[in-house]
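Have a look at the structure below, then the notes.
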Amino acid sequence: MTLKIATWNINGIKARIERLQEWMKQAEPDIVCLQEIKSISDNFPSALFEDMNYNVAVHGQKSYNGVAILSKLPFDEVIRQLPGDEADEQARYLEAVVSVPGGAVRVASIYLPNGNPVDSEKYPYKLGWMDRLIAHANGLLGNEEALILAGDYNVIPEPGDVHDPDAWYGDALFRPETSDKFRELMNLGLTDALRASTDETGLYTFWDYQAGAWPKNNGIRIDHLLLSPEAADKLIRYDIDKHTRSWERPSDHVPIWIELDI
DNA sequence: ATGACCTGTTTAACAGGA
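Okay, here's the thing in structure tokens:
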């Protein structure tokens, strides 16, 4: 069977319900990871998606952050925290396991901290969060199962993933400490689904609302689908649903997705 | 045009985003 897995930072579920449903009807994903729902769990419109035959897992927070996973396959397990800091109250991580004929598929919806400004406490928080993610991913990779770490990483991996690398060099999304941590994560043995599909540069997933970034194609690639070897072996397709950025009242991010031949 | 935003909340300006 083919399993289609997508991730999308929707920048507010309340403001994006119609866009999200329209895209889901077009794209027909089996699993959708959402970030920045900006809603407490109780206010997430789960019933709308249950009516579309999706199971819903939510880790919400008032006003900020918040992640969710919608899945046509039932959840065998749901984890709502990234291990490593019990005091961390920001809702940025949600992990779920579903069963397919070949075994288990584990999917995480990740909203990695932005980290700007870099001279504030926000940047060490980002780097610490990345350390926790590296440790957790390392443990999960030991399971030797299909693992998909999906989400908004707030990390520009390479100069070819940003329209103007020089302008972004000191930014929390692109500075060397951030790149080093991201490389450390990848070096655990993860595959960037886009890079497994193409060497093309200038492919973006985010365009700022300001300064005409979208019409000028001043974008950055910060949303990623990272795959364990067991998942990468099954990868048959990757794409960016760029057209949604032209919709009325769009998110500033667009959905990205993969198909796995399970 | 060297300009230009969006969301949620304390519903009027902020905080936060990237």
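Using the numbering used here, you'd call the opening residue of the first sequence number 218 and step up by one each time. Using N, Cα and C, we set each Cβ at its ideal position, and we do this for glycine too.
query	result
Bridge partners - Lys-221, DSSP secondary structure assignment	Glu-476
Buried or exposed (CB count within 10 angstroms, at least 16 for buried), Ser-316	exposed
Inside the segment 294 to 326 only - beta strand (DSSP E) runs reaching at least 3 residues	294 to 296 and 310 to 317
Among Glu-253, Leu-299, Ala-354 and Glu-401, nearest to Gly-277 - alpha-carbon criterion	Glu-253
His-460 burial status per 10 Å Cβ neighbour count (16 or more: buried)	exposed
Three-state class that DSSP yields for Tyr-386 in the structure shown	coil
Glu-245 versus Asp-378 - alpha carbon distance	27 Å
8 Å Cβ cutoff met for Phe-292 and Val-314	yes
As assigned by DSSP and simplified to three states, the class of Asp-369	strand
Asn-272 versus Arg-236: straight-line alpha-carbon distance, rounded	19 Å
Residues of its chain near Ala-430, where Cβ-Cβ distance is below 8 Å and the 5 sequence neighbours each way are ignored	Trp-424 and Gly-436
Buried or exposed (CB count within 10 angstroms, at least 16 for buried), Tyr-426	exposed
Met-347 burial status per 10 Å Cβ neighbour count (16 or more: buried)	buried
Whole-angstrom C-beta distance between Ala-285 and Trp-474, which should lie under 8 Å	Not confirmed; about 16 Å, so no contact.
Asn-282, buried or exposed, once every other Cβ within 10 Å from all chains shown has been counted against 16	buried
Contact between the segment 324 to 331 and the segment 405 to 419 (3+ Cβ pairs under 8 Å)	no
Best match in Thr-422, Leu-311, Ser-445 and Ile-351 for proximity to Ala-413 [C-alpha to C-alpha]	Ser-445
Distance between Thr-415 and Tyr-342 (C-alpha atoms, nearest Å)	32 Å
4 or more residues per run - each alpha helix (DSSP H) lying fully within the segment 430 to 474	446 to 449
Rounded C-alpha distance that separates Trp-464 from Thr-395	32 Å
Beta-carbon gap between Ile-257 and Lys-279 smaller than 8 Å	yes
Exposed unless 16 or more other CB atoms sit within 10 angstroms - verdict on Thr-219	exposed
Asp-397, DSSP secondary structure in three states	helix
Where Ile-234 falls: helix, strand or coil (DSSP)	helix
Identity of the residue in Arg-349, Glu-447 and Glu-338 nearest Gly-359 by Cα	Glu-447
Contact set for Ile-296: own chain, Cβ-Cβ below 7 Å, skip 5 residues either direction	Glu-312
Contact under 8 Å by Cβ, Glu-476 with Ile-457	no
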